[in-house]
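Here is the structure we will look at.
Protein chains: 2
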Amino acid sequence: MLDFEFFSPTTFYFGRKAEEKAGRAAKKFGGTRVLIHYGSNTAKKSGLVDRVRASLETEGIYGVELGGVVPNPRVDLVYQGIELSRKEKIDMVLAVGGGSVIDSSKAIAMGVFYEGDVWDYFTGKALLKKILPVGSVLTIPAAGSEGSWGVVLSNDNGRKKRALNHPLLRPVFAIMNPELTMSLPPYQTAVGVADMMAHVLERYISNSTDVELTDRICEGVLKAMIHEAPRIIADPNDYGARANIMWAGCLAHNNICGVGREQDWASHRIELELSALYDVAHGAGMAVILPAFMRYSLKHGVNRYAQLAVRVFDCDYDFENPERTAIQGIERLTSFFRSIGLPTTLQELGAREEDIPYMTKNIQMISNNQIGNFQPFGYEGIEAIFRLALGGRVA
Amino acid sequence: MLDFEFFSPTTFYFGRKAEEKAGRAAKKFGGTRVLIHYGSNTAKKSGLVDRVRASLETEGIYGVELGGVVPNPRVDLVYQGIELSRKEKIDMVLAVGGGSVIDSSKAIAMGVFYEGDVWDYFTGKALLKKILPVGSVLTIPAAGSEGSWGVVLSNDNGRKKRALNHPLLRPVFAIMNPELTMSLPPYQTAVGVADMMAHVLERYISNSTDVELTDRICEGVLKAMIHEAPRIIADPNDYGARANIMWAGCLAHNNICGVGREQDWASHRIELELSALYDVAHGAGMAVILPAFMRYSLKHGVNRYAQLAVRVFDCDYDFENPERTAIQGIERLTSFFRSIGLPTTLQELGAREEDIPYMTKNIQMISNNQIGNFQPFGYEGIEAIFRLALGGRVA
Numbered sequence: 581m582l583d584f585e586f587f588s589p590t591t592f593y594f595g596r597k598a599e600e601k602a603g604r605a606a607k608k609f610g611g612t613r614v615l616i617h618y619g620s621n622t623a624k625k626s627g628l629v630d631r632v633r634a635s636l637e638t639e640g641i642y643g644v645e646l647g648g649v650v651p652n653p654r655v656d657l658v659y660q661g662i663e664l665s666r667k668e669k670i671d672m673v674l675a676v677g678g679g680s681v682i683d684s685s686k687a688i689a690m691g692v693f694y695e696g697d698v699w700d701y702f703t704g705k706a707l708l709k710k711i712l713p714v715g716s717v718l719t720i721p722a723a724g725s726e727g728s729w730g731v732v733l734s735n736d737n738g739r740k741k742r743a744l745n746h747p748l749l750r751p752v753f754a755i756m757n758p759e760l761t762m763s764l765p766p767y768q769t770a771v772g773v774a775d776m777m778a779h780v781l782e783r784y785i786s787n788s789t790d791v792e793l794t795d796r797i798c799e800g801v802l803k804a805m806i807h808e809a810p811r812i813i814a815d816p817n818d819y820g821a822r823a824n825i826m827w828a829g830c831l832a833h834n835n836i837c838g839v840g841r842e843q844d845w846a847s848h849r850i851e852l853e854l855s856a857l858y859d860v861a862h863g864a865g866m867a868v869i870l871p872a873f874m875r876y877s878l879k880h881g882v883n884r885y886a887q888l889a890v891r892v893f894d895c896d897y898d899f900e901n902p903e904r905t906a907i908q909g910i911e912r913l914t915s916f917f918r919s920i921g922l923p924t925t926l927q928e929l930g931a932r933e934e935d936i937p938y939m940t941k942n943i944q945m946i947s948n949n950q951i952g953n954f955q956p957f958g959y960e961g962i963e964a965i966f967r968l969a970l971g972g973r974v975a
Numbered sequence: 581m582l583d584f585e586f587f588s589p590t591t592f593y594f595g596r597k598a599e600e601k602a603g604r605a606a607k608k609f610g611g612t613r614v615l616i617h618y619g620s621n622t623a624k625k626s627g628l629v630d631r632v633r634a635s636l637e638t639e640g641i642y643g644v645e646l647g648g649v650v651p652n653p654r655v656d657l658v659y660q661g662i663e664l665s666r667k668e669k670i671d672m673v674l675a676v677g678g679g680s681v682i683d684s685s686k687a688i689a690m691g692v693f694y695e696g697d698v699w700d701y702f703t704g705k706a707l708l709k710k711i712l713p714v715g716s717v718l719t720i721p722a723a724g725s726e727g728s729w730g731v732v733l734s735n736d737n738g739r740k741k742r743a744l745n746h747p748l749l750r751p752v753f754a755i756m757n758p759e760l761t762m763s764l765p766p767y768q769t770a771v772g773v774a775d776m777m778a779h780v781l782e783r784y785i786s787n788s789t790d791v792e793l794t795d796r797i798c799e800g801v802l803k804a805m806i807h808e809a810p811r812i813i814a815d816p817n818d819y820g821a822r823a824n825i826m827w828a829g830c831l832a833h834n835n836i837c838g839v840g841r842e843q844d845w846a847s848h849r850i851e852l853e854l855s856a857l858y859d860v861a862h863g864a865g866m867a868v869i870l871p872a873f874m875r876y877s878l879k880h881g882v883n884r885y886a887q888l889a890v891r892v893f894d895c896d897y898d899f900e901n902p903e904r905t906a907i908q909g910i911e912r913l914t915s916f917f918r919s920i921g922l923p924t925t926l927q928e929l930g931a932r933e934e935d936i937p938y939m940t941k942n943i944q945m946i947s948n949n950q951i952g953n954f955q956p957f958g959y960e961g962i963e964a965i966f967r968l969a970l971g972g973r974v975a
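This is the structure we're talking about:
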């Protein structure tokens, strides 16, 4: 087990009608003038934004609204939000929506105290020192941003997508009412589940030893997701299943699944290009890239993928040929993604084989011209993974 | 799944030489005059207290020492600590030790701002409003107090033992170096493991439905403990096993295993009397009481105990007679306790059959003259459980 620091200070208000606690929560964490940030459609039309605003007003908190966040959120709206926040002397940003809205809120909260371009934080030109408190009323369980220390933002009309992690990016509170997720269509539910599973697997796919406890937690979270997601597909109004998936999305990414171990994240880097170029949902991209990455790293990962196969996908361990077990695990992961309606090939995503060289070149290397930690690789590996993600192969 | 709030703000510094971060951690959380609180023996003699003090001094922090905490910590020393803290204008309490030292530190931190008797908090006469920040350098993984919202204290020369939970009781930081636990003798390691397992099981034994995720996390934590504890018994210096057990003790009791569900805690109430009367280690008492409680509640708990048997103890489910599976699970739990050197009968604890009526009467009822939530029971049930815990029965 590697040395680690773990800090997850977010207060979670979980359950039915939890959004009615927005005012009390904002007050508790010092909000007096709150920017209510949301997406373009359902949050406002459903009346949720108005209910949240009313809850704030009950506590004497002034609210300013800013909608318009799109999936794979853009820096342009963040600039607007920063300007508005300064003008209105905002002291808290409250996201009402999913991961994109929360990330856009985090970026606004980062930018208010910074005189330069907030994008500087994402290019490494500036270091984060201070941030407005961020809270959320979560409506889409997927990204885990409600409890995580991460933020992802897009620039250049969506063509550049960058991620940043920082302890200051942990939200102060998150309001999680599973009822608010019942209106999510099956496909969006499924991409959310893939997103969560990918967050666990990026941590699980590791060379670190003596991490039995964290392994077991990863496996437990995955098993719960695999058990609960089909229940939602069968009945979108199943509160219990919605609740388990919503909480799982948070635990998948607050790093309780990742402490004490090397983490990989190569698949995420690769997928960022995919969702930037085609504007596909991140979770759908992960459902395609992750199994391809696992097949690419099969030889190195026999033990790890066999453990996943046995412990999560209930495969029998093949003592004569453990690699077969490993492959079976990857196949069952792919089958699971398909069973909940997700794409598992680049073609199904609408991606084109001829774009592979362009996407490959676009990926920023971390160090030594390589990405990932499990089995670090460079441009050749990335291209190979994209090609493994093409259809016409055995799952 | 029941509605819940979850808040676990403690920062964990985990790994080799982590105690060297004590000064930085104390400074970060506002400590300038720190009470260093510890037990009577090893922490001081081993030089750990001096190293922690040196780390504080490096950051310009003034330290005052108070040793002498005993297992099942007493209010008398807490009174001393409160007086000393007021005199020395202490602004943080830093526990160097195990759960008893942390709990004694929490009680001191509770009392400093309260003009009455700090015991009032434990009898319900006073409500906690304000507390000094508490940090810890953990040396005994067991109680989980380093991350929990609980405190347990004894009065009347140890004969009264009371527990209290409050959000303000969550420590601000915990320093966890598994190397510091290598000197723990096997028996103390084992009672620590039983303590942790009991914290998970009190949450796992529940009537709540739709808690698949939390169930899986509970099961994962238990499986990891069952895997790692024998490794420590075989080799006390196994860093990886020590690390897994240390982190498990924290997760077992910070309530990540308990959110969204009814919890039981009847066994803990019963055990409190046992450790108060005979001054036995809490974990040893739990290893005796918990299986007895499970046998007492067998009919009600067939499903739950069968799930434990299958998922944690790898039993085959007996489709013809699930109760057999449930019993097998309880038997394997008992066997596991025995295998790591724990007592599993009252006699082995040194408890006497003739004390059962006295201990039974001593237990304060919660409501309706009953304790527990899984299958609430009164004095008759308590006495029955004590008798089931007597030796001479099938495990």
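Which chain is which? The protein sequence lines are A and B, in order. Residue numbering for the first sequence follows our numbering, starting at 581 and increasing by one per position. Residue numbering for the second sequence follows our numbering, starting at 581 and increasing by one per position. We put the CB at the ideal spot given by N, CA and C, even for glycine.
Can you give me the C-alpha to C-alpha distance between residue i and residue j, rounded to a whole angstrom?
i, j, result
"glycine 800 of chain B", "leucine 888 of chain A", "14 Å"
"alanine 975 of chain B", "isoleucine 910 of chain B", "Here alanine 975 of chain B scores only 41 on pLDDT, less than 50, and its place in the model should not be relied on; the value that follows carries that caveat. Roughly 8 Å separates the two Cα atoms."
"glycine 647 of chain B", "arginine 822 of chain B", "26 Å"
"isoleucine 836 of chain B", "valine 752 of chain B", "17 Å"
"alanine 862 of chain B", "glutamate 851 of chain B", "What sits at residue 862 of chain B in the sequence shown is histidine, not alanine. Distance between the alpha carbons of histidine 862 of chain B and glutamate 851 of chain B is about 7 Å."
"threonine 924 of chain B", "glycine 971 of chain B", "8 Å"
"proline 713 of chain B", "arginine 666 of chain B", "14 Å"
"alanine 804 of chain A", "lysine 941 of chain A", "37 Å"
"isoleucine 936 of chain B", "glycine 930 of chain B", "12 Å"
"glutamate 637 of chain B", "glycine 611 of chain B", "11 Å"
"lysine 741 of chain A", "tryptophan 729 of chain A", "17 Å"
Just reading off the beta strand (DSSP E) that residue i is part of, what are its end residues?
i, result
"methionine 672 of chain A", "672–677"
"serine 734 of chain B", "730–735"
"arginine 613 of chain A", "613–619"
"phenylalanine 587 of chain B", "584–594"
"leucine 718 of chain A", "714–718"
"glycine 772 of chain A", "Taken as a continuous stretch (DSSP letters only), glycine 772 of chain A belongs to no beta strand (DSSP E), being part of the alpha helix (DSSP H) at 766–784."
What first and last residue would you give for the alpha helix (DSSP H) that runs through residue i?
i, result
"methionine 805 of chain A", "792–814"
"serine 855 of chain B", "846–858"
"glutamate 911 of chain A", "902–919"
"phenylalanine 966 of chain A", "959–968"
"lysine 625 of chain B", "622–625"
"arginine 742 of chain A", "From DSSP, arginine 742 of chain A is part of no alpha helix (DSSP H) but of the beta strand (DSSP E) over 740–745."
"glycine 978 of chain A", "Only positions 581 to 975 of chain A appear in the structure, and residue 978 of chain A is not among them; the question remains open."
Check the Cβ of residue i against every Cβ in chain A and list those closer than 9 Å, keeping chain order.
i, result
"threonine 789 of chain B", "Gly820"
"glycine 595 of chain B", "Met581, Leu582, Asp583, Phe584, Glu585, Gly840"
"arginine 739 of chain B", "Simply none; closest approach about 37 Å."
Are the C-beta atoms of residue i and some chain A residue less than 9 Å apart?
i, result
"arginine 967 of chain B", "no"
"glutamine 887 of chain B", "no"
"aspartate 775 of chain B", "no"
"phenylalanine 592 of chain B", "yes"
"alanine 800 of chain B", "Note that residue 800 of chain B is glycine in the sequence shown here, rather than alanine. Yes, glycine 800 of chain B counts as interfacial toward chain A."
"isoleucine 720 of chain B", "no"
"leucine 831 of chain B", "yes"
Taking Cβ positions only, does residue i come closer than 9 Å to chain B?
i, result
"alanine 975 of chain A", "Confidence is the limiting factor: at alanine 975 of chain A the pLDDT is only 41, short of 50, which leaves the residue's position unreliable, though a coordinate-based value still follows. So, not an interface residue."
"aspartate 894 of chain A", "no"
"lysine 803 of chain A", "yes"
"alanine 598 of chain A", "yes"
"phenylalanine 609 of chain A", "no"
"serine 588 of chain A", "yes"
"proline 765 of chain A", "no"
"proline 937 of chain A", "no"
What does residue i reach in chain B if we use C-beta pairs closer than 9 Å?
i, result
"arginine 875 of chain A", "By Cβ distance, chain B contributes nothing, its closest Cβ being about 27 Å from arginine 875 of chain A, past 9 Å."
Taking residue i as the query, report the chain B residues whose CB atoms sit under 7 Å from its CB, ordered along the chain.
i, result
"glutamate 792 of chain A", "Ala804, His807, Glu808, Asn824"
Please list the partners that residue i has in chain A, where partner means a Cβ-to-Cβ separation under 8 Å.
i, result
"glycine 640 of chain B", "What glycine 640 of chain B touches in chain A: nothing, since even the nearest Cβ is about 22 Å away."
Distance cutoff 9 Å, beta carbons only. Does residue i sit that close to anything in chain C?
i, result
"isoleucine 920 of chain B", "No chain C appears in the structure shown, which is made up of the protein chains A and B."
Residues of the stretch 808–828 of chain A with a CB closer than 7 Å to any CB of chain B: list them in chain order, please. Glu808, Gly820, Ala823, Asn824, Trp827, Ala828
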